[in-house]
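Undergrad: In the numbering used here, the protein residues as written are 10 to 503.
C-beta: ideal position from N, C-alpha, C; glycine also.
Just so it is clear, the structure is predicted and the values come from calculations on it, not from any experiment.
1) What three-state label does DSSP hand residue 319 in the structure shown?
2) Under a Cβ-count criterion, where at least 16 other Cβ atoms within 10 Å of its own Cβ denotes burial, should residue 376 be classed as buried or exposed?
3) Kindly give me the distance between the Cβ atoms of residue 88 and residue 164, rounded to whole angstroms, as I take these residues to be in contact under 8 Å.
4) May I have a chain-ordered list of the beta strand (DSSP E) segments no shorter than 3 residues that lie completely inside the segment 30-116?
5) Taking C-alpha atoms, which residue in 306, 241, 53 and 208 lies nearest to residue 141?
6) Tell me whether residue 381 sits in a helix, a strand or coil according to DSSP, three-state version.
7) Bridge partners of residue 332, per DSSP?
8) Between which two residues does the alpha helix (DSSP H) harbouring residue 427 extend?
9) Quick one: grab the DSSP three-state call for residue 23.
10) To which residues of the same chain is residue 486 closer than 8 Å at the C-beta, ignoring the five residues directly before and after it?
11) Can you give me the Cβ contacts of residue 106 inside the same chain, cut-off strictly under 7 Å, excluding the 5 residues immediately before and after it?
12) In the segment 243-311, which residue ranges form an unbroken alpha helix (DSSP H) of at least 4 residues, counting only runs that do not cross its ends?
13) Identify the continuous beta strand (DSSP E) that holds residue 223 and give its terminal residues.
14) From the DSSP output, in three-state form, read off residue 374 for me.
15) Counting pairs of beta carbons, one from the segment 395-405 and one from the segment 417-436, are three or more of them closer than 8 Å?
16) Can you list, in chain order, the stretches of the beta strand (DSSP E) that have 3 or more residues and sit fully within the segment 422-503?
17) Can you tell me which of the three DSSP states residue 144 falls into?
18) Less than 7 Å between C-beta atoms, sequence neighbours within five positions excluded: which residues of the same chain meet that for residue 501?
19) Once DSSP output is grouped into helix, strand and coil, what is the label at residue 365?
20) In whole angstroms, what separates the C-alpha of residue 7 from that of residue 440?
21) Indicate whether residue 139 and residue 65 have their beta-carbon atoms separated by less than 9 Å.
22) What does a CB cutoff of less than 6 Å around residue 229 pick up in its chain, not counting 5 residues either side in sequence?
23) Do residue 48 and residue 152 have their CB atoms nearer than 9 Å?
24) Determine the direct distance from the alpha carbon of residue 286 to that of residue 354, and round the result to whole angstroms.
25) Can you pull the DSSP bridge partners for residue 135?
26) What did DSSP end up calling residue 504 once you bin it into helix, strand or coil?
27) So what does DSSP say about residue 356, is it helix, strand or coil?
28) Given a threshold of 16 other Cβ atoms within 10 Å of its Cβ, counted over all protein chains shown, does residue 275 qualify as buried or as exposed?
29) Going by the CB atoms, is the gap between residue 62 and residue 505 shorter than 9 Å?
30) Just to check my reading of the structure: residue 258 and residue 232 have Cβ atoms closer than 8 Å, yes? What is that Cβ distance to the nearest angstrom?
31) To the nearest whole angstrom, what separates the beta carbons of residue 449 and residue 469, a pair I think is in contact under 8 Å?
32) Near residue 352, what residues of its chain come up, given a Cβ to Cβ distance below 7 Å and the 5 sequence neighbours on each side ignored?
33) In chain order, what residues of the same chain have a beta carbon less than 6 Å from the beta carbon of residue 385, not counting five sequence neighbours either side?
34) At which residue ranges does the segment 172-221 contain complete alpha helix (DSSP H) runs of 4 or more residues, listed in the order of the chain?
35) Is the CB-CB distance between residue 399 and residue 481 below 9 Å?
36) Please say whether residue 313 and residue 154 have beta carbons closer to each other than 9 Å?
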């Protein structure tokens with residue numbers, strides 16, 4: 010038997026009075042969080058939610074999220090986390106596709122959620138407005154964890170849907186437990202740590218690498234519902250946060266804001282970057298300004314989060330995404346599916362296998378079969394390994410630009426652009442070209458106080474990369490489109 014909710018029960022038994030959740034409204038202890046989730050589990054059980062029944066959960070980073078998340082698991086249910094920004098047709102698709110029988114949503118999106126539920130043929134969703142107390146049944150004894158097998162599905166997490174409709178990756182209790190346990194051991198998380206939790210908990214990165222990881226080791230979660238640099242820096246100061254998990258755009262925004270304001274961030278001891286490759290200049294500048302290392306890792310929804318991670322502050326290799334974590338294998342394959350040797354000149358697709366690989370896409374055996382090749386999960390990411398086994402991500406396979414028969418990796422050009430003093434943010438995409446097939450285009454957000462021209466940007470890149478790589482097209486924008494986790498949406502730019 011293994012029910013992922015055991016991580017909360019064990020921490021509550023060993024540290025009942027320790028803080029589990031810090032938020033703007035106060036602090037919730039481990040004993041309180043365990044009891045509140047017990048009450049949710051009892052209510053769900055009374056409503057017919059039992060082993061294997063899917064429950065959709067659409068909440069921001071508020072205390073009700075971990076309360077409901079572990080309550081659903083305790084009842085034996087399957088959590089279907091949903092983005093709070095989804096529109097009614099998207100909500101309906103995920104509800105239908107997952108087979109959810111119940112739906113918990115947030116008051117801030119209740120109207121859209123109700124439309125989606127109606128379209129999917131579900132009853133009115135339960136609406137959380139700050140507290141989840143109404144979805145509880147008082148309990149006097151600890152709720153007995155529903156018996157689940159390690160290979161049973163704990164969550165169905167939907168992909169970003171960059172191609173076609175989002176697919177639901179089935180992640181098991183064992184996978185999610187290991188993806189909390191192994192990374193936490195790598196950077197030696199302690200019960201006294203405070204994990205600044207601003208990554209959306211409905212996303213696998215925030216769910217596994219912040220929430221489950223923190224709860225597994227009895228640390229405190231400092232919840233921030235929405236990212237702004239001011240709010241994050243102020244919360245680090247208020248709660249004395251020691252660990253910050255983020256994506257590159259968050260680190261860039263924090264760095265820019267901290268230069269103009271004074272916050273006490275001396276409590277931070279380690280930062281974790283994932284979700285996208287962090288530009289080298291940003292990593293260096295952030296570490297110099299804040300005096301704290303950034304450990305870069307790599308993962309995907311289909312692997313319950315983590316595939317690789319840097320070995321720790323003392324053994325990391327800057328600019329790499331580290332090595333495969335315990336129990337996970339990674340290889341680099343060429344287009345014919347042959348393993349490539351180490352070296353920057355041997356770029357190919359990363360494939361992985363191990364306990365972390367999903368059971369499959371829910372209800373989509375054909376898509377599941379397509380995702381695997383001889384037992385290896387194809388990531389769709391291009392990279393290479395060095396002689397010591399450290400991995401480096403070059404780009405997404407689908408974002409590769411083929412200009413006149415030459416491969417152009419957007420990230421390589423972006424790294425050059427970020428070194429220009431007038432560039433705040435940059436994204437490089439391929440656009441159709443009748444003669445060359447694709448042309449290289451740079452979309453840039455200027456740094457305040459700087460006004461680089463298109464010609465200046467083109468000339469700057471031409472002096473620093475091969476002739477076939479530099480952008481011939483340049484567009485300036487006020488902002489770049491971002492996903493809910495802060496990743497640049499290149500599909501909206503191409």
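TA: Looking at the atomic coordinates:
1) coil
2) exposed
3) 4 Å
4) 35-38, 63-67, 87-90 and 111-115
5) 53
6) strand
7) 318
8) 419-427
9) helix
10) 452, 453 and 454
11) 177, 371 and 372
12) 257-267 and 289-299
13) It is not in any beta strand (DSSP E) - residue 223 instead sits in the alpha helix (DSSP H) that spans 222-225.
14) helix
15) yes
16) Correct list: 432-442, 446-455 and 482-485.
17) helix
18) 490
19) coil
20) Outside the shown range of the chain (10 to 503) lies residue 7, about which nothing can therefore be said.
21) no
22) 28, 31 and 203
23) yes
24) CA-to-CA, the gap between residue 354 and residue 286 works out to about 19 Å.
25) 113
26) Nothing about residue 504 can be read from this structure; the chain reaches only from 10 to 503.
27) coil
28) exposed
29) With the chain represented from 10 up to 503, any question about residue 505 goes unanswered, as that position is not in the structure.
30) Going by Cβ atoms, the distance from residue 258 to residue 232 rounds to 20 Å, so no, they are not a contact pair.
31) About 14 Å separates the two Cβ atoms, so there is no contact after all.
32) 393
33) 360 and 362
34) 182-195
35) no
36) no
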